[in-house]
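Q:
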Amino acid sequence: GQSLEQPSEVTAVEGAIVQINCTYQTSGFYGLSWYQQHDGGAPTFLSYNGLDGLEETGRFSSFLSRSDSYGYLLLQELQMKDSASYFCAVKATNAGKSTFGDGTTLTVKP
Amino acid sequence: DTAVSQTPKYLVTQMGNDKSIKCEQNLGHDTMYWYKQDSKKFLKIMFSYNNKELIINETVPNRFSPKSPDKAHLNLHINSLELGDSAVYFCASSPDGLAGVRHIQYFGAGTRLSVL
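These protein sequence lines map, in sequence, to chains F and G. Residues 5 to 114 (our numbering) are what the first sequence spells out, left to right. Residues 17 to 132 (our numbering) are what the second sequence spells out, left to right.
(1) Could you give the distance in angstroms between the alpha-carbon of glutamate 98 of chain G and the alpha-carbon of asparagine 78 of chain G?
(2) What is the C-beta distance between tryptophan 50 of chain G and phenylalanine 58 of chain G, in whole angstroms, given that I count them as a contact (C-beta under 8 Å)?
(3) So, under 8 Å CB-CB, arginine 70 of chain F and phenylalanine 33 of chain F are touching, yes? Tell me the CB distance rounded to an integer number of Å.
(4) Where DSSP assigns a beta bridge to alanine 88 of chain G, which residues make up the other side?
(5) For glycine 35 of chain F, name the three-state secondary structure that DSSP assigns.
(6) Which bits of chain F does serine 21 of chain G rub up against, with CB to CB less than 9 Å?
(7) Using CA atoms only, rank isn't needed, just tell me which of G:Ser81, G:Ala88, G:Pro85 and G:Ser102 is closest to asparagine 95 of chain G.
(8) Relative to the C-alpha of glutamine 41 of chain G, which candidate in G:Lys56, G:Val20 and G:Tyr65 has its C-alpha closest?
(9) What does glycine 75 of chain F reach in chain G if we use C-beta pairs closer than 9 Å?
(10) How close, in whole Å, do the beta carbons of leucine 77 of chain F and tryptophan 38 of chain F come, if the pair is a contact with beta carbons under 8 Å?
(11) CB-CB under 8 Å to leucine 114 of chain G, same chain, minus the five flanking residues each way: which ones, in chain order?
(12) What residues of chain F sit near alanine 88 of chain G, judged by a beta carbon separation below 7 Å?
(13) Considering only the beta carbon of each residue, do glutamine 23 of chain F and phenylalanine 91 of chain F sit closer than 9 Å?
(14) Please report whether the beta-carbon of proline 121 of chain G lies at a distance below 9 Å from any beta-carbon of chain F.
(15) List the residues of chain B whose Cβ lies closer than 7 Å to the Cβ of leucine 129 of chain G, in chain order.
(16) Within this structure, are the beta carbons of lysine 38 of chain G and threonine 29 of chain G separated by less than 9 Å?
(17) Alpha carbon to alpha carbon, what distance is there between lysine 113 of chain F and arginine 128 of chain G?
(18) Just to make sure I have the definition right: I need the residues of chain F whose C-beta is within less than 8 Å of the C-beta of phenylalanine 106 of chain G. Which are they?
(19) Which one of G:Lys87, G:Gln121 and G:Lys52 has the shortest CA to CA distance from threonine 75 of chain G?
(20) Can you give the Cα-Cα distance for leucine 90 of chain G and alanine 88 of chain F, rounded to whole angstroms?
(21) How about tyrosine 52 of chain F and isoleucine 61 of chain G: are their beta carbons less than 9 Å apart?
(22) For proline 24 of chain G, is the classification buried or exposed, using 16 other Cβ atoms within 10 angstroms of its Cβ as the cut-off for buried?
Right, here's the structure in full:
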């Protein structure tokens, strides 16, 4: 099976940079994804890492280290609208599903 | 056009009733899922279908029965509803099945089920 660990809550101020970590345990790792979910909304895909390194999409970046079973989501120039829950999700090889972490609630303060 | 749409958006019902939630995707994806998100926001997979075939059934009570009439639709029927079934149920689809590369999932808006 798979298990993931991420912090339950993170607080930061507008304009700051925040990093949300995710460590995972899985047999046959395939890739790590990140999803954002606003209160009352649906999870939406943010980023995917299949290989080691950094993937950048605008203000958001995601990093993966397969040897450390670790990844993070980096949010820069935080805005109030970034207040949401962020989920990491791991896909194992030949598993027709991703397993989601318990989510990190990010609160951005003025 | 909504990519993954599910109905109804809200469902309030009494314990013991039977209810259904419908999901449709117009993305041409082969794989569809049902997730349950509880009050603590934990997102747990319930079922996965690939091209109308059940491929994942995650220890879900048999009161929950998914049905996929075609690969664009995955419905969820729940019998004898219990208080603990109160949650948000999300339908999702992805373009890849077992051998997919970027396993991106597209979620519907959710169905908020309240069992009284």
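For glycine and all other residues, C-beta sits at the position ideal for the given N, C-alpha and C. Fair warning: this is a prediction, and the values are worked out from it, not measured in the lab.
A: Judging by the given coordinates:
(1) Each residue's alpha carbon lies about 13 Å from the other.
(2) Not really, about 15 Å apart at Cβ, beyond 8 Å.
(3) 6 Å
(4) Answer is none; alanine 88 of chain G lacks a bridge partner.
(5) Strand.
(6) Simply none; closest approach about 11 Å.
(7) G:Ser81
(8) G:Val20
(9) Contacts between glycine 75 of chain F and chain G, judged by CB atoms closer than 9 Å, are missing: the closest CB pair is about 14 Å apart.
(10) 5 Å
(11) With a pLDDT of only 48 at leucine 114 of chain G, under 50, the local geometry of the prediction cannot be trusted, and the value read off the model is given with reservation. So the list reads Asn66 and Ile71, once near-sequence residues are dropped.
(12) What alanine 88 of chain G touches in chain F: nothing, since even the nearest Cβ is about 18 Å away.
(13) Not a contact, by the Cβ cut-off of 9 Å.
(14) Reading off the sequence shown, one finds glutamine at residue 121 of chain G, where the question assumed proline. Output row for glutamine 121 of chain G: interface = yes.
(15) In the structure shown, chain B cannot be found, because the protein chains are F and G.
(16) no
(17) 29 Å
(18) Ala46 and Pro47
(19) G:Lys52
(20) 28 Å
(21) Cβ atoms of tyrosine 52 of chain F and isoleucine 61 of chain G: not closer than 9 Å.
(22) exposed
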